[in-house]
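Trainee: Numbering (the numbering used here), first residue to last: 1 to 224.
Structure below; questions to follow.
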Amino acid sequence: MKKERKIICIIGPTASGKTGWGVSVARKFNGEIISADSRQVYRGLDIGTGKDLEDYSDVKYHLIDICEPGVYFTVFDWLERAREVIEDIFKNIENKNYLDPIAIEFMIGDLDLNIAGTFDRLYFNKKSNQYEIWDFKTDKKLDFQNKYQKLDLFDLDDCEFEKYSLQTSLYKYIIEKNTPIKLGTSHIVHFKFRDNSYDIIPCNDYTELIKEKLDNGNNWSTHK
C-alpha cells in the first residue's frame, strides 16, 4: 500500500507572512520548505527579497541561495531542481523509521470519568521527541466539516474528523492526568483500500477544551 504524496503550497503577496505560515505548517507536519521565489535563489541578494532565514530556525529549507547573481536561472531550471528536492524529501520520509512502538492496542480508562477505550498505537516519535497517539481508520469517507450541525457540548462541526480529534484528545487528557507521560500531536492513519493508499492526518488538540468542560462539571460519558 502506498502513501499518497501531498504538497502544501502557501502563496500570497510580498510581506504577507508566508514564511511564518510555512514554518508553522512544516513543524506541524514534520515537513520541509521549498522556496519558489525567483529572487531568493541568488546568494547575497538579502535586502528586498525577504529571505528571513532566521525565521526558519530548525526547519530545513531548499532552493534559497543556490546560485550567484548574474547566473541565468529560469523557471525550467527551478522546476527541475524542485522535482529533485521533492523526490529526495519523500524518499527520506518514506525510508526513515522515526516511530518507535511503545504499545499496541493500548487500553485506557478513568474511574472518575467512568470512561474506557482503546487506540491502536502509542509511539515515541524520534523527530518530535514526544510520545504520540496514533489511531487507524478505514472509513470510506472522512468528513472534515459539517456546516449545518454542531457536536453536543462542544462548539465543533459534527463530522468524523472532529469526533476523532475529540476522542484522541480525551485519551491524551486521561494519560497525562494519571501518568507522568506528556504527549505530542495525535495522528489518524486513514486507509483508502479502493486506491491502495493512506493519509497521515494530524488531529486537532482539544485537551484544554476537554479539561475546561470537565472542570465546569460536565459529564463526558453522557454525551456522544
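Heads up, the beta-carbon is just placed ideally off N, CA and C, and yes, glycines get one too.
If you're wondering where the values come from, they're calculated on a predicted model, not measured in any experiment.
1. Please name the residue, chosen from Cys-67, Leu-183, Gln-145, that lies closest to Ile-102 on a Cα-to-Cα basis.
2. Evaluate Thr-222 with the Cβ neighbour count: other Cβ atoms within 10 Å of its Cβ, from every protein chain shown; 16 or more gives buried, anything less gives exposed.
3. In this structure, how does DSSP classify Ala-103 when only helix, strand and coil are distinguished?
4. Decide if Ala-26 is buried, meaning its Cβ has at least 16 other Cβ atoms within 10 Å, or exposed.
5. Compute the Euclidean distance between the alpha carbons of Thr-74 and Gln-145, then round it to the nearest angstrom.
6. Closest to Ile-108 by C-alpha separation, out of Gln-167, Tyr-198, Lys-150, would be which residue?
7. Less than 8 Å between the CB of Ser-38 and some heavy atom of the ligand ATP, yes or no?
8. Just how far apart, CA to CA, sit Lys-172 and Leu-156?
9. Which first and last residues belong to the alpha helix (DSSP H) in which Leu-209 is found?
10. Between Phe-161 and Leu-142, how many whole angstroms is the CB-CB distance? I'm expecting something under 8 Å.
11. Just to confirm the assignment, what range does the alpha helix (DSSP H) spanning Thr-138 have?
12. Counting Cβ pairs closer than 8 Å, one from the stretch 51-62 and one from the stretch 19-36, do we hit at least three?
Mentor: Walking through what the data contain:
1. Walking along the sequence shown from the start, residue 102 turns up at place 102. Of the candidates Cys-67, Leu-183, Gln-145, the one whose C-alpha sits nearest the C-alpha of Ile-102 is Leu-183.
2. For this step, residue 222 is matched to residue 222 along the sequence shown. The predicted model places Thr-222 with a pLDDT of 46, which falls under 50 and marks its position as unreliable, so this point remains unresolved.
3. The residue you call residue 103 lines up with position 103 of the sequence shown. Three-state DSSP puts Ala-103 in a strand.
4. Working through the sequence shown from its first residue, we reach residue 26 at position 26. Classification of Ala-26: buried, given that the 10 Å Cβ count is 16 or more.
5. In the sequence shown, counting from the first residue as 1, residue 74 sits at position 74. In the sequence shown, counting from the first residue as 1, residue 145 sits at position 145. Cα to Cα, Thr-74 sits roughly 41 Å from Gln-145.
6. The sequence position of residue 108 within the sequence shown is 108, counting from 1. Measuring from the Cα of Ile-108, the nearest candidate turns out to be Gln-167.
7. The model on display carries no ligand, and the ligand ATP is accordingly not part of it.
8. Looking up residue 172 in the sequence shown gives position 172. Looking up residue 156 in the sequence shown gives position 156. The C-alpha of Lys-172 lies about 19 Å from the C-alpha of Leu-156.
9. As a first step, residue 209 is located in the sequence shown; it is residue number 209 there, counting from the start. Its alpha helix (DSSP H) spans residues 207-215.
10. For the purposes of this step, residue 161 is taken as the residue at position 161 of the sequence shown. For the purposes of this step, residue 142 is taken as the residue at position 142 of the sequence shown. That pair is a contact at about 6 Å.
11. Residue numbering aside, residue 138 sits at position 138 when the sequence shown is read from its first letter. Counting along the chain, Thr-138 falls outside any alpha helix (DSSP H), and DSSP gives it neither H nor E.
12. yes
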